[in-house]
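Under mature numbering (1 follows the signal peptide of the UniProt record, and there is no 0), the letters of the sequence shown match residues -16 to -1, 1 to 224, in that order.
Beta carbons: idealized from backbone N, C-alpha and C, even for Gly.
From a predicted model like this one, the values you see are computed outputs, not experimental measurements.
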Amino acid sequence: MLFLVVALVVPPLSLAQQSYLQAALRPPPSIPPSAFSRNPSLRNYGKVMGDSLDAGLFRHYLTMERYQEGSIEKGPHCDLSPNSTSHRVHVFECNESRSIELHTVAITNFLGQENYPIDFSSQLRIFVDLTSRLTRRVDDLTVEVSAFKRSKNWLGCGWVYLPSFALLNSDSICVDNPSCPLAEGRQILEVPLQPSTVFTRLLKLFHQEKDVYQFEIRLRRISRPFDDLFCLAVQTRLSV
């Protein structure tokens, strides 16, 4: 009895195919640590990420639809433009602060002009009218910014987390800032927010004119990076 043995010859992958396969199987990097770590190399992590981010990674996090805890408003008729954000900015405190009392907030472009929707393609100036109960002056001020987008699913409406990879943070807001340092009593503190070119470019991948976003702006001290002096939430439409 004769047996016919057939050997299958599989051609080797080309270098281009190998490169594609490696990229497809490579897991996405984790969301980077806070930009306000005491470790200088970790503080620069966001800048490194800004040079290496791609659209695929950003879309991967968006498809996960990680909603902000407690933000889901159930029902088919929930509002995609809450708090009159269809025509104006809405601002409120994220967390009540014992050290600082917030009174009013104004948001302008670099030239001091108030426009709506907010132009997110250039530097923003956030003027915060506040009363500080701190007993000493503070000039080592940093800002950490979290971003969310208003979205709707079968449960209702909520705020979906947008990974900013620390690209919206500021290591020191008191550099060339005449409103610093933060002193005791009532005053106006200017908080500059410089939208990263990389983040803005990624935002354009899915941005639509009527989309509403929420930015949580946390003022902290470099010496105490995990304690909020205040947390300010800004809900707004954007032009990018």
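Own chain residues within Cβ distance below 6 Å of residue i, not counting five before or after
i          : result
residue 65 : 196
residue 4  : Here residue 4 scores only 46 on pLDDT, less than 50, and its place in the model should not be relied on; the value that follows carries that caveat. Excluding positions up to five away in sequence, the list is empty.
residue 75 : 89 and 218
Contacts around residue i, its chain only, beta-carbon distance under 7 Å, and the 5 residues preceding and following it disregarded
i           : result
residue 204 : 20, 126, 128, 211, 212 and 213
residue 99  : 93
residue 122 : 165, 166 and 205
Residue i to residue j span [Cα, whole Å]
i           : j           : result
residue 140 : residue 132 : 16 Å
residue 93  : residue 218 : 15 Å
residue 67  : residue 142 : 13 Å
residue 136 : residue 168 : 43 Å
residue 110 : residue 102 : 12 Å
residue 222 : residue 89  : 17 Å
residue 209 : residue 162 : 23 Å
residue 116 : residue 202 : 15 Å
residue 194 : residue 63  : 12 Å
Cutoff 8 Å; reference residue i; Cβ partners in own chain excluding five residues on either side
i           : result
residue 81  : 212, 213, 214 and 215
residue 124 : 156, 158, 205, 206 and 207
residue 86  : 77, 112, 113, 114, 214 and 216
Per-residue burial, residue i [other beta carbons within 10 Å of its own, 16 or more giving buried]
i           : result
residue 220 : buried
residue 172 : exposed
residue 144 : buried
residue 198 : buried
residue 14  : With a pLDDT of 40 at residue 14, under the threshold of 50, the modelled position of this residue cannot be trusted; read the value that follows with caution. It counts as exposed.
residue 159 : exposed
residue 104 : buried
residue 69  : buried
residue 134 : buried
residue 95  : exposed
Reduced DSSP secondary structure (H/G/I, E/B, other) of residue i
i           : result
residue 130 : strand
residue 68  : helix
residue 112 : strand
residue 184 : helix
residue 157 : coil
Closer than 7 Å: residue i CB and nearest the ligand NAD heavy atom
i           : result
residue 117 : Among the components modelled here there is no ligand, and therefore nothing to report on the ligand NAD.
Between the stretch 149 to 162 and the stretch 173 to 184, do three or more beta carbon pairs fall short of 8 Å?
-> yes
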